[in-house]
Amino acid sequence: MEKKTILVVEDEVVIAMDIQATLVDMGYEVPEIITSGEAAIQTALELYPDLVLMDIHLNDTVDGITAAATITEALDIPVIYLTAYADEETLRRASLTTPFGYILKPFEARELRANIEITFYKHSLEKTIKEHRQWLLAVLNSISEGVAASDPRGLIKFMNPVAETLTGWSQAEAIGRSPVEVFHFLDEVTRNLIDNPLLKSLHENHTVYLPENALLLTKHGDEIPVADSAAPIYNDRGRLEGAVMVVRDSTEQRRMEAQLEHNALHDPLTQLPNRALFLNRLQQAVDRAQRSPEFGFALMLLDLDRFKSINDTLGHLVGDQLLMAIAPRLQTQLRSIDTVARFGGDEFAVLLEDITDVAFVCRTAKRILSELRPPFLIGHHELLITASIGIVLSSIPYEQITDLLRDADIAMYRAKARGRGNYELFDTLMHGLTIELMQREYALSSAIAHDELVVHYQPIVSLVTHEVTSLEALVRWQKPDEALMYPDQFIALAEDMGLITTLDQWVIREACQQLQVWQQLGVGAWVLADDPLVRRANSTDPTPTLSIPTLSINVNLSSNHFTQKNLVETFASILQDTGLSGHHLKLEITESVFIENAKEAAAMLKQLKELNVQICLDDFGTGYSSFSYLHQFPIDIVKIDRSFVQGIGTDAGKLAIVRAMVGLCHTLGMAVTAEGIETPQQRDILQDLGCEYGQGHLFARATDGATIALKLKTANRRRAGESGGR
Ligand code: C2E
Ligand code: CA
Ligand code: CA
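Take any residue in the sequence shown, count from 1 to its spot, add 287: that is its number in my numbering.
This is the structure we're talking about:
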């Protein structure tokens, strides 16, 4: 073992040398004898001895006590005083420097040795304890949780840096204070103060946890969500020494918990409540309505029309984005107490609570429908969407929410069947009607095979020559022993069922065949000019020329067609099969074709035009794209919707719009057909505006092929007679 080094500080050199000899005898090393305080400090610094034997009285300005203080403090070297003086004042001063021993001169070697050995032992013990303490402190300080401890009376004794940051209190400020002052815990919901866990664990003598929704109110007034527990501390003899508390910032944890809870109850796409949450609220509404009859609510089921075709054509990504864009529009039309949820797919549900009258519910439904009307801009697509809403009111007493949902579904189904963009209130009559509708759906799918569809034809007339230039094919459904059904009753259904393209193609084939038959029979154009209702009084119109029959056929083409890759081939084969020239076929399309699928549609139209067919833009003025789209597509004829035509005699605004439309179409080199002309006045105005063609009850209603053939034959005969007479 290495020898311990002892520094002897003694101004009386003889004594010093005596001590040195004694110490060396005992086996210690004594490198130097120091006689002044100043030198003692200096040498201690240089040699770093294991112990200093210090005389108090030195012939120096720095006395032994001052030198010892510096050496202990700065170097943690133990000091033993050797002195002849034992007066009170000296002892007091000396004890302040926490010496390890105090030996009065003269002393015995044994006494000196015992003092020295005890000092070495105590000092190394102290060092170990100190290191241990520091290590513990380092541990406490590096924990990511806040730690605070109290003494047995409950006063704060320790706080680690995290606890300081959390509370806004420094340890120095907090020590000696009650934890109630430093750690304010609130219940997030009730805002009540929570019993301080540190004190509680101390008083109740067991571990205490904070409730789940605890907040820590900081010194600066911030509120931090925290989790916390406190436990009493015992020493190794089992005596209560205080309590320790661990506080953790649980902001992130609570955010994650809230997120998990949110995810479980919300639709990930739209962030609206999901079916589960909605059904829960619906059940509460049902329960409440049972308890208090004055409470009224309404359930709406909302289904998007034709969403499937958008999804199929433009892809799920666009479909998803559309759904995301729809959600906020729905919300804008609802009050904060209402719930709107996404049930999945394109189905949404709305719960209106605290309603007193039906009118309010209907107004809300209307507002929702019109809110959805403006086009949605998704990427570079402008999408038009309508919805159908079925409504059930709590005035029908329901006990089961499944019954409510079923009836709302029935009402929604009815709304869809009425055409798009409608709402329908459920009434008990509907049960029967719905079953009928379901049967109709089934029947429609087999209507073509059962030969139940018929085509009626409505003449389109030249407003100049009064010649019938074309016949619009309009489909009807004739079920055996039932009244004739009009397109309004089944076209929307056919579109929803995905039957529309088959139906349209059947109509087109039928109409092309029909015209081909008529042409082979040699029937010509049908001139309406001699009809006094049709011909303008005192008209100076030119007499119709007896041209070769140029009669053509107009057919309606649902926009769903434009999602089909082989559209052009299909038309080419229909023309080939029926032997009809493309010149005699006009395809009527609506603006929705351009809006949903502009690029593809433009390309397809171009190819169709290569078959020599003409393109008519139907129902012009009712869509949104209107003028801006017109010039981008190869359109030959624009059909102005009858809602404009029917107002022109009485409504100056409508007249102005129609005039502008006609002017614009002409500028773009397109001809104009006015739909729904019912009065001579309307016809005259349109004629004056330079509109080329007219269609409407004034001229003729749509009738079956046989009736049309008859009229064409008559016209033919008359014409033959006229020309023969000349
Ligand atoms: P649309 O293409 O606008 O056809 C004109 C509609 O107006 C026809 O009704 C016609 O009978 C009616 N109409 C004609 N003149 C007058 C008039 O002076 N006054 C009034 N109030 N109405 C008149 P319809 O036949 O009930 O057809 C309704 C709609 O059904 C058509 O509107 C068309 O969009 C659609 N549609 C008809 N047939 C087919 C078809 O084969 N395929 C497709 N996809 N849609 C069809
Ligand atoms: Ca049409
Ligand atoms: Ca039309």
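Built from N, CA and C at the ideal position, the CB exists for glycine as well.
Residue i: CB within 7 Å of a non-hydrogen atom of ligand 2
{"i": "D905", "result": "yes"}
{"i": "E759", "result": "yes"}
{"i": "N899", "result": "no"}
{"i": "E856", "result": "no"}
{"i": "E875", "result": "yes"}
{"i": "N847", "result": "no"}
{"i": "N567", "result": "no"}
{"i": "N843", "result": "yes"}
C-beta atoms of residue i and residue j nearer than 8 Å
{"i": "R464", "j": "L442", "result": "yes"}
{"i": "D536", "j": "L423", "result": "no"}
{"i": "T865", "j": "Q800", "result": "yes"}
{"i": "V301", "j": "V339", "result": "no"}
{"i": "R654", "j": "Q620", "result": "yes"}
{"i": "L671", "j": "P684", "result": "no"}
{"i": "N841", "j": "A958", "result": "no"}
{"i": "D991", "j": "H743", "result": "yes"}
{"i": "L854", "j": "I876", "result": "no"}
{"i": "S757", "j": "S839", "result": "yes"}
{"i": "L294", "j": "L332", "result": "no"}
{"i": "L566", "j": "I462", "result": "no"}
{"i": "Y372", "j": "I328", "result": "no"}
{"i": "I1071", "j": "I944", "result": "Outside the displayed range of the chain (288 to 1013) lies residue 1071, so it cannot be described from this structure."}
{"i": "D337", "j": "T309", "result": "no"}
{"i": "M699", "j": "I665", "result": "no"}
{"i": "P466", "j": "E528", "result": "no"}
Exposure label - residue i; buried when at least 16 CB within 10 Å
{"i": "Q968", "result": "exposed"}
{"i": "E297", "result": "buried"}
{"i": "K487", "result": "buried"}
{"i": "S915", "result": "exposed"}
{"i": "G522", "result": "In the sequence on display, residue 522 carries Asn and not Gly. So N522 ends up on the exposed side."}
{"i": "N492", "result": "exposed"}
{"i": "T617", "result": "According to the sequence shown, residue 617 is Leu rather than Thr. Answer is buried; the Cβ neighbour count reaches 16."}
{"i": "T538", "result": "exposed"}
{"i": "L895", "result": "buried"}
{"i": "P386", "result": "buried"}
{"i": "E289", "result": "exposed"}
{"i": "E754", "result": "buried"}
{"i": "Y408", "result": "exposed"}
{"i": "T937", "result": "exposed"}
{"i": "V627", "result": "buried"}
{"i": "E544", "result": "exposed"}
{"i": "K444", "result": "buried"}
{"i": "L489", "result": "buried"}
Proximity test, residue i beta-carbon vs ligand 1 heavy atom, cut-off 7 Å
{"i": "A993", "result": "no"}
{"i": "G934", "result": "no"}
{"i": "D599", "result": "no"}
{"i": "E640", "result": "no"}
{"i": "P746", "result": "no"}
{"i": "E739", "result": "no"}
{"i": "Y266", "result": "It is not possible to answer for residue 266, since the shown part of the chain is limited to 288 through 1013."}
{"i": "V925", "result": "no"}
{"i": "D791", "result": "yes"}
{"i": "I964", "result": "yes"}
{"i": "I787", "result": "yes"}
{"i": "Q982", "result": "yes"}
{"i": "A989", "result": "yes"}
{"i": "V804", "result": "no"}
{"i": "I676", "result": "no"}
{"i": "I778", "result": "yes"}
{"i": "V880", "result": "no"}
{"i": "R796", "result": "no"}
Neighbour flag for residue i against chain D, beta carbons, 8 Å
{"i": "S733", "result": "Given the protein chain composition of this structure (a single chain), no chain D is represented."}
Requested in this report: Pair every Cβ in the segment 890-902 with every Cβ in the segment 868-876, then say whether three or more of these pairs are closer than 8 Å.
Outcome: A contact exists between the segment 890-902 and the segment 868-876.
Report task. Could you tell me whether the segment 570-590 touches the segment 673-680, using the rule of 3 or more Cβ pairs below 8 Å? Result -> Output reads yes: the segment 673-680 touches the segment 570-590.
Report task. Give a yes or no on contact between the segment 942-956 and the segment 915-931, applying the rule of three or more CB pairs nearer than 8 Å. Result -> Touching, per the Cβ criterion.
Query - the segment 598-608 touching the segment 634-645, judged by at least three CB pairs closer than 8 Å - result: Output reads no: the segment 634-645 does not touch the segment 598-608.
Requested in this report: State whether the segment 701-709 contacts the segment 773-789, with contact taken as three or more CB pairs (one from each stretch) at a distance under 8 Å.
Outcome: Yes: the two stretches touch, three or more of their Cβ pairs being nearer than 8 Å.
Requested in this report: Would you check if there are 3 or more beta carbon pairs closer than 8 Å linking the segment 499-511 to the segment 459-474?
Outcome: These segments touch.
**Report entry** Touching by the beta-carbon criterion (3+ pairs, under 8 Å), the segment 544-562 and the segment 507-525
**Finding:** The way I'd put it, the segment 544-562 doesn't touch the segment 507-525; fewer than three beta-carbon pairs between them come closer than 8 Å.
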